[in-house]
Amino acid sequence: MEGEWKTVLEKTTLSTPDRDSNPDLPVLSSLVYCESSVLDYTATEAVPLKSSDSPDKYVAETFSMALVSRDRDTVLVLELKLLSEKLKSLKECSCSEGENEVNRKKNRYKDILPSRVKLSEYVGVPGSNYINANFIRGASGSPAYIASQGPLPHTVNDFWRMVVEWDVQVIVMACSVEEAGKHKCEKYWVDNENEEKEFGNVKIRLVKASVICPDYLVRTMLIKKVCQYHYVAWPDHGVPSKVRPLVDMVRKVRETQVSETVPVLVHCSAGCGRTGTICAIDYVWGLLRSGKLSKDFSLFKLVQSMRKQRIAMVQTKEQYILVHQAVRELFNDQLRVIESHPYENIDINGMPLLR
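If you count the sequence shown from 1, position 344 lands on 344 in full-length UniProt numbering, and the numbers rise without skipping.
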């Protein structure tokens, strides 16, 4: 591997803004990081960041950010002050529809509002075209994801309407129905093969359920063919203990649906923290697959952009660190491909072809 990479990072404080409607999900309000040259595997000490320094000066290079390791007691700390109230003024789209009285009951948390994904409207039914979900741009620049809250008992029919109307082929679920005794998501699938269930005007049938590993399973359902990747090993108030199964799931999602011409529907309970984490990982995987990763790419700017599209995408420090750990895994996978085939497997632009 050419060159030395060195990342030095420093912890700062966390604060918890008003979370009255969503107390389970603390919001990260301030993270700052600093960077020194490129990676050196022996470096563990942090260099203080002066308060007068511009955060943009410290946007780490992609490889540096990708190789952060929590096991080595190196803590990733990035400037993310454009969060919560500060970021609301920068949203690219209005969230006013979510505040309308007819739609308020459809929001799982009153402080997580969409900008939004529209459904077809039922004549004479106010709010029938509303669901708490946002489009998120992918690596190609097109709307590659629908970031959605987990459906409520009275919105589960709308959830399936969204799947049908927006031609969703893959659903990624990153929560459990119940967590720590609290209802996090209405169950919108069936468990037994060939079992059918109707959700409004949509009838689904389970074709196959496969446990890929202890961390996640895949359900294939028929209305048209829809695959649900259900990550079951994401603990309440935490992150997965192992990053590899999460990375493998993201890769398998793109084996199921390679194209970004139709969106992948990603949801957790609120549709922001875990959802944003998965979207960010897949975004980077898309850049690597297509050979479009620029040398000035930064995860900080990616998450900042996603937060402008839906509030609180990648919500906690732990989730933000997890994104970096997952990207490190993707980079290491890529390096192994390059090192095993140093003179072959490149495209016409000289970029390595991924397996």
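C-beta atoms are modelled at their ideal positions from N, C-alpha and C, and glycine is treated no differently.
Inset, instruction - To the nearest angstrom, report how far apart Asn-129 and Arg-336 are at their CA atoms. - result: Spanning the alpha carbons of Asn-129 and Arg-336 requires a straight line of approximately 47 Å.
Inset, instruction - State the DSSP-derived secondary structure class of Met-221, mapped to helix, strand or coil. - result: strand
Legend entry - Reduced DSSP secondary structure (H/G/I, E/B, other) of Pro-143: strand
Legend entry - Tyr-216 versus Val-247: straight-line alpha-carbon distance, rounded: Those two C-alpha atoms are separated by around 11 Å.
Inset, instruction - In the DSSP assignment, find the alpha helix (DSSP H) that holds Glu-198 and state where it starts and stops. - result: Taken as a continuous stretch (DSSP letters only), Glu-198 belongs to no alpha helix (DSSP H), being part of the beta strand (DSSP E) at 196–199.
Legend entry - For Gly-286 and Ser-340, the rounded distance between their alpha carbons: Rounded to whole angstroms, Ser-340 to Gly-286 spans 22 Å at the Cα level.
Legend entry - Beta bridge counterpart(s) of Tyr-229 as assigned by DSSP: Val-172, Val-218
Legend entry - Lys-110 versus Ile-311, Thr-256, Gly-141, Ala-144, residue with shortest Cα-Cα distance: Ile-311
Inset, instruction - Work out the CA separation of Gly-273 and Arg-316 for me, nearest whole Å. - result: The question names Arg, but residue 316 is Thr in the sequence shown. Each residue's Cα considered, the two are about 7 Å apart.
Legend entry - Residue interval of the alpha helix (DSSP H) (run including Ala-326): Looking at the DSSP string, the run of the alpha helix (DSSP H) that includes Ala-326 is 317–340.
Inset, instruction - Could you check the C-alpha separation between Glu-186 and Lys-295 for me, to the nearest Å? - result: 42 Å
Inset, instruction - Confirm, please, whether the CB-CB distance from Thr-277 to Val-239 is below 9 Å. - result: yes
Legend entry - Secondary structure of Val-202, DSSP reduced to three states: strand
Inset, instruction - Sort Ser-115, Gly-271, Glu-179, Val-207 by Cα distance to Asn-192 and report the nearest one. - result: Val-207
Legend entry - For Asn-134, the first and last residue of its enclosing beta strand (DSSP E): 133–137
Legend entry - When Val-123, Met-306, Val-253 are compared against Pro-114, the one with the closest alpha-carbon: When the alpha-carbon of Pro-114 is set against those of Val-123, Met-306, Val-253, the nearest one is in Met-306.
Inset, instruction - Would you decide whether residue 385 is buried or exposed? Buried here means 16 or more other CB atoms lie within 10 Å of its CB. - result: The first residue shown for the chain is 1 and the last is 355, placing residue 385 beyond what the model contains.
Legend entry - Alpha-carbon to alpha-carbon, Glu-179 and Leu-25: Any reading at Leu-25 must be qualified, since the residue scores a pLDDT of 36, below 50, and its modelled position is unreliable; no value is offered.
Legend entry - Length of the line joining the Cα atoms of Cys-227 and Phe-297: 31 Å
Inset, instruction - Hey, could you find the ends of the alpha helix (DSSP H) Leu-293 is sitting in? - result: From DSSP, Leu-293 is part of no alpha helix (DSSP H); its letter is neither H nor E.
Legend entry - Of the residues Cys-213, His-267, Gly-200, Asn-107, the one placed nearest Val-177, counting alpha carbons only: Val-177 has its Cα closest to that of His-267, out of Cys-213, His-267, Gly-200, Asn-107.
Inset, instruction - Please classify Val-123: is it buried, with 16 or more other beta-carbons within 10 angstroms of its beta-carbon, or exposed? - result: exposed
Legend entry - Straight-line gap, Asp-167 to Ile-223 (C-alpha atoms, nearest Å): 11 Å
Inset, instruction - Pick helix, strand or coil for Ser-128, following the three-state DSSP scheme. - result: The three-state secondary structure of Ser-128, taken from DSSP, is coil.
Legend entry - Member of Ala-209, Lys-184, Val-253, Cys-175 whose CA lies at the smallest distance from the CA of Val-190: Ala-209
Legend entry - Close Cβ partners of Asp-56 (< 7 Å) along its chain, the five nearest in sequence each way excluded: In this predicted model, Asp-56 has a pLDDT of only 40, less than 50, meaning its place in the structure is not dependable; the value taken from the coordinates is given anyway. Apart from sequence neighbours up to five positions away, no residue of its chain approaches Asp-56 with a beta-carbon distance below 7 Å.
Inset, instruction - Have a look at Ile-212 and Pro-126 and give me their C-alpha separation to the nearest angstrom. - result: 42 Å
Legend entry - Beta-bridge pairing of His-154 - partner residues as DSSP gives them: In the DSSP output, where bridge partners are listed per residue, His-154 has none listed.
Inset, instruction - Take the Cβ of Lys-242 as the centre, count every other Cβ of all protein chains shown within 10 Å, and call the residue buried at 16 or more, exposed below. - result: exposed
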